[in-house]
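This report refers to the structure that appears directly beneath it.
Protein chains in written order, with this note's numbering: chain A, 1 to 95; chain B, 1001 to 1312.
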């Protein structure tokens, strides 16, 4: 039984750490997406979408630093969506 | 038994974390909802401004304001901290968006001569009205004029009067031509006048550039849109794009810069409009054919330009 308790404690700890790591990884991935969009010239060809991705990424980092991983994930998703849109517009030559 | 208690305690702890994660939120107060709606309305108003909305005029500021508003709304649902400073920040950033978008609206000018044709010795009246204009002037020695007004002119030969209207959102040129006809002959003989062929629509537009740059300024997008509209209405028309620089710098560098400016405009028109690449020709003329005084900052700006004309 003692062993089971230790396993349970470890699982709770790992779950907590995993949640934090997942947010951190998502933010990093969003940063890479933003860089990719910039590399494709999205800051010129799709400025609103590019800067929206940048602004929401900033908010995501703020929330992650405050420990609000749930809201950080929401802002990260918004950033990633805007980056994808900006990248698509940059590649398609749209304004 | 002791272990069972431990499991129970851990389970309660886990459940507490889960509940805290899912709940712990409150609904926005009426005041916060009103504030949020007011900021949203400001941003929507700026986005809907014509001819250029906030996405074109202030993309970075608009994006920041939207993110600030979302952050404020989120903070307002958290019950451990007041959201007021976040709403203040969002409101200020929305004000910046509105101000920048207003400032970037290009001048809108209505300009005409009446009558358009006179007999030598008669006069015509130039009439104009404008919006978003800080400074207006008419060439042919008319000089600086108010944003709206009229002026009598009595040219002795056919003359084009160019009105240059400058605002924070760019510069617009409009032309009114007064045609001067010769006085009628004293002895009138019956003459059958040849029927003139309908004159083809023409277009001459100018866009300006910052020093040593060939990037198209957002302020000139409306002007380029006119070229695109012209091409849509005249699908068989060919366009010729000519780039120029001011007189600063070496002739060699200016030649290259003028070619780059012409090429940038050509690329934009091909990319944005219905114009096939082979229908647009471009060339650079360096610092040739200045339209402004190269001794003044303003004149130099006018000279750093690309002219878009219908090719003959």
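Backbone N, C-alpha and C define an ideal beta-carbon position, used for all residues, glycine too.
Item to complete: Helix, strand or coil for residue 23 (chain A), going by three-state DSSP, please let me know.
Response: Locating residue 23 (chain A) in the first chain gives position 23, where the first residue counts as 1. The answer is helix: DSSP assigns residue 23 (chain A) an H, G or I state.
Worksheet entry | Partner residues on chain B for residue 71 (chain A), Cβ-Cβ distance less than 8 Å | The sequence position of residue 71 (chain A) within the first chain is 71, counting from 1. Per Cβ cutoff of 8 Å: 1074.
Worksheet item: Would a check of beta-carbon distances place residue 1059 (chain B) closer than 7 Å to chain A?
Response: Here the question's residue 1059 (chain B) lines up with position 59 in the second chain. By this cut-off, residue 1059 (chain B) is an interface position.
Worksheet item: When the Cα atoms are used, what is the spatial distance from residue 1275 (chain B) to residue 1269 (chain B)?
Response: To locate residue 1275 (chain B), count along the second chain from 1; it is residue 275. To locate residue 1269 (chain B), count along the second chain from 1; it is residue 269. So the alpha carbons of these two residues sit roughly 7 Å apart.
Discussion item. Excluding the 5 residues flanking residue 1127 (chain B) on each side, which residues of the same chain have their C-beta closer than 7 Å to its C-beta?
Written reply: Taking the second chain and counting its residues from 1, one reaches residue 1127 (chain B) at position 127. Correct list, in chain order: 1112, 1114, 1150.
Fill in: C-alpha gap between residue 1239 (chain B) and residue 1307 (chain B), whole angstroms
As a working mapping, residue 1239 (chain B) is identified with position 239 in the second chain. As a working mapping, residue 1307 (chain B) is identified with position 307 in the second chain. Rounded to the nearest angstrom, the two C-alpha atoms are 10 Å apart.
Discussion item. Nearest by alpha-carbon distance to residue 1296 (chain B): which of B:1286, B:1309, B:1246, B:1305 is it?
Written reply: To locate residue 1296 (chain B), count along the second chain from 1; it is residue 296. Minimum Cα distance to residue 1296 (chain B) is reached at B:1246.
Worksheet item: Does DSSP put residue 1324 (chain B) in a helix, a strand or coil?
Response: Outside the shown range of chain B, which is 1001 to 1312, sits residue 1324 (chain B), and nothing can be said about it.
Worksheet item: Excluding sequence positions up to five away, which residues of its chain have a Cβ less than 8 Å from the Cβ of residue 1251 (chain B)?
Response: Looking up residue 1251 (chain B) in the second chain gives position 251. Around residue 1251 (chain B): 1286, 1287.
Discussion item. Please list, in chain order, the chain A residues whose beta carbon lies closer than 8 Å to that of residue 1066 (chain B).
Written reply: In the second chain, the residue the question calls residue 1066 (chain B) occupies position 66. Residues of chain A passing the Cβ test: 52, 55.
Worksheet item: residue 1166 (chain B) and residue 1135 (chain B): beta carbons closer than 7 Å?
Response: Reading the second chain from its first residue, position 166 is the one you call residue 1166 (chain B). Reading the second chain from its first residue, position 135 is the one you call residue 1135 (chain B). It is a contact, given that the beta carbons lie within the stated cut-off.
Discussion item. Does the CB of residue 59 (chain A) have a neighbour CB from chain B at under 7 Å?
Written reply: As a first step, residue 59 (chain A) must be located in the first chain, where it is residue number 59. Yes - at least one Cβ of chain B is within 7 Å of the one on residue 59 (chain A).
Worksheet item: Looking at C-beta atoms only, is the number of pairs between the region 1088 to 1095 of chain B and the region 1155 to 1162 of chain B that lie closer than 8 Å three or more?
Response: no
Worksheet entry | Inter-residue Cα distance where the pair is residue 99 (chain A) and residue 1280 (chain B) | An answer regarding residue 99 (chain A) cannot be provided, because it is not within the stretch 1 to 95 covered by chain A.
Discussion item. Just to confirm the assignment: which complete beta strand (DSSP E) runs, minimum length 3, are found wholly within the region 1094 to 1169 of chain B?
Written reply: 1108 to 1114, 1117 to 1119, 1124 to 1131, 1135 to 1138, 1143 to 1145, 1149 to 1153, 1159 to 1167
Worksheet item: Should the region 28 to 35 of chain A be regarded as contacting the region 1040 to 1056 of chain B, the criterion being three or more beta carbon pairs within less than 8 Å?
Response: no
Discussion item. In chain order, what are the residue ranges of uninterrupted alpha helix (DSSP H) at least 4 long that sit wholly in the region 1219 to 1270 of chain B?
Written reply: 1221 to 1233
Worksheet item: Which word fits residue 1208 (chain B), buried or exposed, when buried means at least 16 other C-beta atoms lie within 10 angstroms of its C-beta?
Response: In the second chain, counting from the first residue as 1, residue 1208 (chain B) sits at position 208. Counting Cβ neighbours within 10 Å, residue 1208 (chain B) comes out buried, since at least 16 surround it.
Discussion item. Counting only beta-carbon separations shorter than 7 Å, does residue 1092 (chain B) have a partner in chain A?
Written reply: Walking along the second chain from the start, residue 1092 (chain B) turns up at place 92. Chain A, which has no Cβ nearer than 7 Å to the Cβ of residue 1092 (chain B), makes this no.
Discussion item. Quick check on this structure: which residue in B:1086, B:1282, B:1204, B:1058 has the alpha carbon closest to the alpha carbon of residue 1175 (chain B)?
Written reply: Position 175 of the second chain holds residue 1175 (chain B). The candidate whose alpha carbon is nearest that of residue 1175 (chain B) is B:1204.
Worksheet item: Which residue or residues does DSSP assign as beta-bridge partners of residue 1284 (chain B)?
Response: As a working mapping, residue 1284 (chain B) is identified with position 284 in the second chain. In the DSSP output, where bridge partners are listed per residue, residue 1284 (chain B) has B:1243.
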